[in-house]
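Positions -28 to -1, 1 to 507 (mature numbering (1 follows the signal peptide of the UniProt record, and there is no 0)) are the ones given, in order, by the sequence shown. Virtual Cβ for every residue (Gly too), placed ideally from N, Cα, C.
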Amino acid sequence: MKHYQKLGLIGLLSALLIVFGCSSNSSAPASSEGAAAPVESAAAGTAAGEKLATELKYPLAQTIPTLDPHLSLGGSNSTIAVNIYEGLFAFNSKYEPVPMLAESYELSEDGKVYTFHLRKGVKFHNGKEMKAEDVAASLNRWKNTAPRAKSSFSDREFEVKDDYTIVLSSDVPRNDTLAQLSHVLNFAAIMPKEVVDAAGPDGVTEYIGTGPFKFVDYKTDQYVHVQKFADYQPVDAPADGFSGKKEALVNDLYFTLATDNATRFSSFLAKDFNNVDVSLDNLPQVESDPDVEIIKNLSTDFNLIFNKKAPLFSQLKYRQAVASVLDVDQVLLGIVSTPELYRLNPSYMYKENTKWYSEAGSEAYNQKNPDKAKQLLKEAGYNGEEVTLLTTKDTGTFYNATLMVQAQLEQIGIKTKIDISDYATMLTKRADPNGWDIYVGPFLVPSTPSQLLYLNPTYGFADDAKLAELLEASTSAIGDDAIKAANDALQAYEWEYLAAIKIGDIYNYNAIRKNLVGLTFLSNIPNLANTKLVE
């Protein structure tokens, strides 16, 4: 049995990664679990006797489909959830899983059994102490509802051993368990058992966690209000990414809906907001301001998702036709307007994630071959059927990308229409196999292949036995060579099967006023713990 404590994380995480494929002569965990490097405001400190604001407004560019962290696939939910909730583990700035609500854990010699020991004395926002029954109830609900978790955990159950211990067993070793428990999208948030038990199909009705802020109010299409939790118990470790010590440095935090780009930016100029994403057109208005810092952040990747249950795109030749015609440079330019804000990448992982990055199958990427596409349509028997592209105007990147794809499809004779909804409605439509064919959108890049939503049968409906087999092989592989071979095989087959088409990686600019101190981003999700606003 291998033991892992909260303290001395470098050596202990190294031991875990040795088991699951990192070099055995490494003295520290490899940073290959991660995606892009984190971004932090350079304003790191302020003068003694500073006066701090008690209220902070953070702009949300997307609507909020649900506040239930187990159900949502939206970045807006994650932005809020990481302040209210915590998980057993959290990613540090190198995307290494670090204990958060777990005090320590043990991994059996065969890599099949995790034993998690919980921190004692941690309070929920309702005053109840967190215990194993709460953790098990939360994680068992999460694994059964969160698309990112279903493929990895399936029938595995989190079992209560005693008040402060839970156990997770598997028939085979898994190299992704801690990463799954750390990811902020489809967050493995811990909440009271009674909240879990009362949840219906539409989600929980109370938002109670252990985080530094507690939920106060949600005014639909206006804001979510959270407030400093006076009884919060931080971990005794330096803040790093979403791990380590957290402290609410404002009393009231408002996540304000500002889905219109122009309105959001003008509110920043009026100092209603202290940070904002900045388009290329608006950049000159802020880059010369000495009180504003501009950060370039590797933001998301973009993918084209096929509905594999749609009449046309259930057939491989139609998916191949789209892959053949796509000019991803043009799509990416439609999204960000300049080559400075995108990069070509055929892999479903960022290049920085050296453990899982692969170029297998990349000859199918960015083909720009309309003649080949037309021939494939002819072979498939295309007869003018209309193809529906699902999108939203709530965030311009979705819509602009869809317009670029539409133009390229019509270039080869495919009849198209665009179905435009608000963001929340679009997500609901996307979960239904009826009524749409193609969706183009941004994705928070995961740390392991098992977290790729479009390889999950419930997302885009990639119900393929070989794909499932290769995905399972990639998550059960042990050792660097075995992981690389399994991952190369998985990505090569994905480019054959075409559950999705990778478009590329995009960057964005963020403007941050220098009196907003300590704001950090990881996977383009802000961490507002330890953030203060100096008046």
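Residue closest to Gly213, alpha-carbon to alpha-carbon, out of Asn254, Val156, Thr231: Within the sequence shown, numbered from 1, the residue matching residue 213 stands at position 241. Selected option, being the one with the closest Cα: Val156.
Boundaries (first-last residue) of the beta strand (DSSP E) holding Phe185: Along the sequence shown, read from residue 1 onward, the residue named residue 185 stands at position 213. Looking at the DSSP string, the run of the beta strand (DSSP E) that includes Phe185 is 185 to 191.
Bridge partner(s) assigned by DSSP for His155: Numbered from 1 along the sequence shown, position 183 holds the residue referred to as residue 155. Partner(s): none; His155 has no beta bridge.
Contacting residues, own chain, Cβ-Cβ under 7 angstroms from Glu75 (five flanking each side not counted): Translated into positions along the sequence shown, residue 75 becomes position 103. Lys(-23), His89, Leu90, Arg91.
Asn338 (DSSP reduced to helix, strand or coil): Numbered from its first residue, the sequence shown carries residue 338 at position 366. Annotated three-state conformation of Asn338 is coil, per DSSP.
Touch test, the stretch 446 to 461 against the stretch 316 to 335, Cβ-Cβ under 8 angstroms, three pairs minimum: yes
Three-state secondary structure assigned by DSSP to Leu494: As a position in the sequence shown, residue 494 is number 522, starting the count at 1. Strand, per DSSP.
CA-to-CA distance, Leu24 to Ser422, given in whole angstroms: As a first step, residue 422 must be located in the sequence shown, where it is residue number 450. As a first step, residue 24 must be located in the sequence shown, where it is residue number 52. In a straight line, the C-alpha of Ser422 is about 43 angstroms away from that of Leu24.
For Gln34 and Ser(-6), the rounded distance between their alpha carbons: Reading the sequence shown from its first residue, position 23 is the one you call residue -6. Reading the sequence shown from its first residue, position 62 is the one you call residue 34. Confidence is the limiting factor: at Ser(-6) the pLDDT is only 32, short of 50, which leaves the residue's position unreliable and the question unanswerable from this model.
Distance between beta carbons of Asn247 and Leu491, contact taken as under 8 angstroms: Here residue 491 refers to the residue found at position 519 when the sequence shown is read from its first residue. Here residue 247 refers to the residue found at position 275 when the sequence shown is read from its first residue. About 6 angstroms separates the two Cβ atoms, so the contact holds.
Beta-bridge pairing of Leu229 - partner residues as DSSP gives them: Residue 229 sits at position 257 when you count from the first residue of the sequence shown. Paired residues: Leu32.
Rounded straight-line distance, which links the Cα of Asn406 to that of Asn279: The residue labelled residue 279 in the question sits at position 307 within the sequence shown. The residue labelled residue 406 in the question sits at position 434 within the sequence shown. Computed Cα separation, rounded: 9 angstroms.
Best match in Asp366, Glu259, Glu265, Ala373 for proximity to Leu298 [C-alpha to C-alpha]: If you number the sequence shown from 1, residue 298 lands on position 326. For the residues Asp366, Glu259, Glu265, Ala373, the minimum Cα distance to Leu298 belongs to Ala373.
Per-residue DSSP class, three states only, for Phe61: Taking the first residue of the sequence shown as position 1, residue 61 is located at position 89. It is a strand residue.
DSSP state of Pro71 mapped onto helix, strand, coil: Position 99 of the sequence shown, counted from the start, is the residue given in the question as residue 71. In the structure shown, Pro71 sits in a strand (DSSP, three-state: E or B).
Cut-off 8 angstroms between Cβ atoms - residues of its own chain near Lys133, not counting five sequence neighbours on either side: The residue given as residue 133 occupies position 161 in the sequence shown. The answer, listed in chain order, is Thr87, Ala104, Val139.
Beta-ladder partner(s) of Pro414, from DSSP: Stepping through the sequence shown from its first residue, residue 414 is reached at position 442. Paired residues: Phe274.
Nonlocal neighbours in the same chain, by C-beta distance under 6 angstroms from Ala9, ignoring five residues either side: By 1-based counting over the sequence shown, the position of residue 9 is 37. For Ala9, the pLDDT reaches just 46, beneath the cut-off of 50, and the residue's location in the model is therefore unreliable, leaving the point undetermined.
Top-ranked residue by Cα proximity to residue 522, from Thr26, Pro429, Tyr465: Lying outside -28 to 507, the shown extent of the chain, residue 522 is not represented and no answer is given.
Through-space distance from Val294 to Glu219, alpha-carbon basis: Residue mapping note: residue 219 aligns to position 247 of the sequence shown, counting from 1. Residue mapping note: residue 294 aligns to position 322 of the sequence shown, counting from 1. Whole-angstrom Cα-Cα distance: 49 angstroms.
Stretch-stretch touch, CB-based, cutoff 8 angstroms, three pairs: the stretch 351 to 365 with the stretch 247 to 261: When C-beta atoms of the stretch 351 to 365 are compared with those of the stretch 247 to 261, fewer than three pairs fall below 8 angstroms, so the two segments do not count as touching.
Alpha helix (DSSP H) runs contained entirely in the stretch 361 to 429, provided each spans 4 or more residues: 368 to 383, 395 to 402
Cβ-Cβ separation, Asp232 to His197 (assumed contact under 8 angstroms), whole Å: To locate residue 197, count along the sequence shown from 1; it is residue 225. To locate residue 232, count along the sequence shown from 1; it is residue 260. Not a contact, Cβ separation roughly 21 angstroms.
Euclidean distance between Cα positions of Thr182 and Leu375: Your numbering for residue 182 matches position 210 in the sequence shown. Your numbering for residue 375 matches position 403 in the sequence shown. Roughly 43 angstroms between the two C-alpha positions.
Integer Cβ distance of Arg485 from Asp244, believed to fall under 8 angstroms: Stepping through the sequence shown from its first residue, residue 485 is reached at position 513. Stepping through the sequence shown from its first residue, residue 244 is reached at position 272. Their Cβ separation, rounded to whole angstroms, is 11 angstroms, which puts Arg485 and Asp244 out of contact at 8 angstroms.
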